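Worksheet: the structure to be examined is printed underneath.
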Amino acid sequence: MAEALQQVILDTLDAESTIKDTRALVLPGEKGPAISNDAQIAILGALNSLSSRDMISYATHEVISHVPTPEGSQIVEQGSNEARVWAALSLKGQGEPITPNQLKKAVGDEVAKVGQGRAFKNGWIAKEGDGLVKSAPEIKDITRDDLLEIKSTGTLKSGEKALADLRKRKLIVQKKGQWFSVTKGPSFSTSIAKPETDLTVEMLASGSWKTSAFKKYNFEAEGIPTNGGALHPLLKVREEIRNIFLEMGFAEMPTQSFVESGFWCFDALFVPQQHPARDLQDTFYLSDPVISLPPKKDYYDLVSKVHEHGGFGSTGYRAPWVEEESRKLLLRTHTTASSAHMLYKLAAACRGEKISSDKGEYTHGASSTTGSDRGDPAKDDGFRPAKLFSIDRVFRNETMDATHLAEFHQVEGVVADRNLTLADLIGFMRVFFDKMGIEQVRFKPAYNPYTEPSLEIFAFHPMLNRWVEVGNSGMFRPEMLEPMGFPKDVRVHGWGLSLERPTMIRYGINNIRTLVGHKVSIEGIENSPAVRF
């Protein structure tokens, strides 16, 4: 069809030099001229193909036409409402009048309602007693005739007033169309043989390339979009949360240690060695190597003593201490293990030690700043307040389902200062979640082995219309902080939440396996918008 249409255009140009109006063309297989908009769209495709080969040039002309609406098309088939009302009645003096109810049964409620008024206005019908009769023996259904003309030509010879009346009655609608005028191009020919697009080995070998016509390169055409990298939705939400922490004056902790020992992941946090979280069903343990290097002996001995016998005002767990359990290597179950490392290094200055870390050194000495604003300005025991955060991956031996994976991301923050209270923690949490766009927050008492008091954090989810848990928090226990070397008046807030849950909420994802894993849509990642809290 496309090549046949191109041939019609070329043959017409060859015979007449120009085509003034493509609506006069007769398309292949058609008997009449191509006046419909669909026909002109087909002609446009043929013109573009010929123009790309410089065989023709063309100009576009717009035209406004009209087409019947569904109601108008029904009138073309069955007649106007007023004509149908007239046809249903008897001529005056030649039959019984028909009541309005009888008319509705004969032609339908809508036709009777609309048609009566126009039939009366045209003088076609009249009242006789309680009924209606024809007052004109013959009529001309002008509405139907006009719609027939519009359907075939797109306009009316009678002019704009009649068109406006039909538009007002919603029997026709305007439709933009187009037609084209065509002239010969510099490479005009009546042959539609397509030019070559590639130079092949066969053409070089045979020499046919010398006489072949090649398609011109279009240097203005846009190339295929290149596939570039795209940030995963998790990374976009991570960056937003990270910016909130930095805005609030936090420093980022190093969290590159995916493998930890049982000592730093559990023991240093005052988690008992008999705790269910340390079972094989909950934690991934390494098979090679099996155990870690020993931690610093004096700190290790102090932690084991607090666990087994108590200390610092605590009675401990009164349970046997097993060194093998403490030195097992595992994939960290929470980033709090990294927080424990950083707090130990922060307390080094209080112990009179100098310990290097990825974030610099903590040094004891009176030459540094004199105390905290919450403590005695005259006192300098080496402690310096700190606000630290981390966002990184953790691993748990979970059964995978729509809301759980064996590895996920944990957002964690700690604040260390003198004389902090639970009210400080609650106030900070409200500010933090408000910056995340979560305004309605509630707190519920909870139990954690290494924090006391502890709070679960709930936020109101407007889409689910219910409260959902969004995080956990608390104040680290003295049994954890004082063995590290912190003064008794130093308190540390800690809290954590997942990265996946707010990401799923922000992007409307209800199955975590479509966010992380083999079911992730690459196209979805490329098209995911940036998130703003």
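Each residue of the sequence shown is one higher than the last, beginning at -12 in our numbering.
By construction, the Cβ of each residue, glycine as well, lies at the ideal position given by its N, Cα and C atoms.
Nothing here was measured: the structure is a model prediction, and the numbers come from that model.
In chain order, what residues of the same chain have a beta carbon less than 6 Å from the beta carbon of residue i, not counting five sequence neighbours either side?
i       : result
Ala217  : Ile512 and Glu513
Ile85   : Leu76, Gly118 and Leu119
Ser355  : Low confidence applies to Ser355: its pLDDT is 33, below 50, so where it sits in the model is not reliable enough to give any reading.
Ala(-9) : Pro15
Leu153  : Ile159
Ser4    : none
Gly300  : none
Ile30   : Thr9
Leu12   : Ala21
Pro465  : Phe299
Are residue i and residue j touching if we call contact CB-CB under 8 Å?
i      : j       : result
Gln261 : Ala327  : no
Thr270 : Ser377  : no
Val63  : Lys138  : yes
Gly249 : Lys315  : yes
Pro220 : Asp41   : no
Leu375 : Arg478  : no
Ile444 : Met416  : yes
Leu442 : Gly414  : no
Gly303 : Glu310  : no
Phe201 : Glu189  : no
Arg405 : Asp476  : yes
Ile179 : Leu(-3) : yes
Span of the alpha helix (DSSP H) holding residue i?
i      : result
Thr130 : Ile129 to Thr140
Glu399 : No alpha helix (DSSP H) contains Glu399, which is instead part of the beta strand (DSSP E) from Glu394 to Arg405.
Gly32  : Asn24 to Ser38
Asp1   : Ala(-11) to Glu3
Pro465 : Pro465 to Leu468
Arg98  : Reading off the sequence shown, one finds Val at residue 98, where the question assumed Arg. Segment Asp96 to Asn109, the alpha helix (DSSP H) holding Val98.
Pro220 : Pro220 to Glu234
Val72  : Asn68 to Ala74
Gly472 : No alpha helix (DSSP H) contains Gly472, which DSSP labels as neither H nor E.
Glu513 : Ile509 to Asn514
Residues in the same chain with beta-carbon distance under 7 Å from residue i, minus the five sequence neighbours each way, listed in chain order, please.
i      : result
Ala26  : Leu14
Lys163 : Glu49 and Ile51
Phe463 : Tyr437, Thr438, Val479 and Gly481
Gln161 : Ile51 and His53
Glu239 : Phe376 and Ser377
Lys157 : Thr56 and Glu58
Gln165 : Gln27, Thr47, His48, Glu49 and Val50
Give me, in chain order, the residues of the same chain whose beta-carbon lies closer than 8 Å to that of residue i; leave out the 5 immediate sequence neighbours on both sides.
i      : result
Gly116 : Pro84
Phe245 : Leu318, Arg319, Arg380 and Phe382
Pro124 : Leu78
Pro521 : In the structure displayed, the chain extends from -12 to 520; residue 521 sits before or after that span and is not available.
Ser508 : Thr501
Ala74  : Gly66
Asp0   : First, the residue type needs correcting, since residue 0 is Leu and not Asp in the sequence shown. Closer than 8 Å at the Cβ level, and outside the excluded window around Leu0, lie Ile6, Ile43, Val169, Thr170, Lys171 and Phe175.
Asn384 : Leu267, Gln268, Asp269, Thr270, Phe271 and Ala393
Can you tell me where the beta strand (DSSP E) with residue i in it begins and where it stops?
i      : result
Glu247 : Val246 to Ser248
Tyr437 : That residue, Tyr437, is in no beta strand (DSSP E); it is neither H nor E in DSSP.
Arg478 : Val477 to Ser485
Lys422 : First-last for Lys422: Leu409 to Lys422, but that is the alpha helix (DSSP H), not the beta strand (DSSP E).
Val54  : Ile43 to Pro55
Arg380 : Ala373 to Phe382
Count the other CB atoms, across all protein chains shown, that sit within 10 Å of the CB of residue i; report buried if there are 16 or more and exposed otherwise.
i      : result
Phe253 : buried
Gly32  : exposed
Asn521 : Residue coverage of the chain in this structure runs from -12 to 520, which leaves residue 521 outside it and unanswerable.
Lys506 : exposed
Gly215 : exposed
Lys181 : exposed
Glu147 : exposed
Asp133 : buried
Phe206 : exposed
Met467 : buried
Ser274 : exposed
Glu247 : buried
Glu97  : exposed
Ser313 : buried
Lys144 : exposed
Leu486 : buried
Gly19  : exposed
Lys431 : exposed
Gln81  : exposed
Runs of alpha helix (DSSP H) wholly within the segment 111 to 195 (minimum 4 residues, chain order): 129 to 140, 147 to 155 and 188 to 193
Unbroken beta strand (DSSP E) runs of length 3 or more, entirely within the segment 278 to 335: which are they? 316 to 318, all fully within the segment 278 to 335.
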